Amino acid sequence: MSSKPTCCDDRAEYDELNGLPIAMAYVPWQQWRAIYEVEKGFHRGTIFEELDKPFKGIGGCCK
Numbered sequence: 005m006s007s008k009p010t011c012c013d014d015r016a017e018y019d020e021l022n023g024l025p026i027a028m029a030y031v032p033w034q035q036w037r038a039i040y041e042v043e044k045g046f047h048r049g050t051i052f053e054e055l056d057k058p059f060k061g062i063g064g065c066c067k
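Following this line, the structure appears as structure tokens:
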């Protein structure tokens, strides 16, 4: 049995992206600057300081 939050039941009605075409993304090459030391990079999940974006555990459809 699923315990999905009820506040997300009507999200399909408000999908702003529904019907839009698939996009082409521009993704620049990662620059080798501000590199973490090996141990810190391992614990943070990236060696690039610019990509170190910790998960805050907030957001989603039930804002």
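Residue numbers for the sequence shown follow the working numbering, beginning at 5 and rising by one.
Beta carbons are placed, not taken as given, at the ideal position from N, Cα and C, and that holds for glycine.
Since the model is a prediction, treat every value here as computed from it, not as a measurement.
Under the DSSP assignment, LYS44 falls in the alpha helix (DSSP H) whose first and last residues are 42-48. As far as DSSP is concerned, ILE62 takes part in no beta bridge.
ALA29 is positioned such that its CB atom lies no closer than 8 Å to that of GLU54. With respect to the C-alpha of GLN34, the residue from PHE52, LYS44, LYS57 and ASP56 having the closest C-alpha is PHE52.
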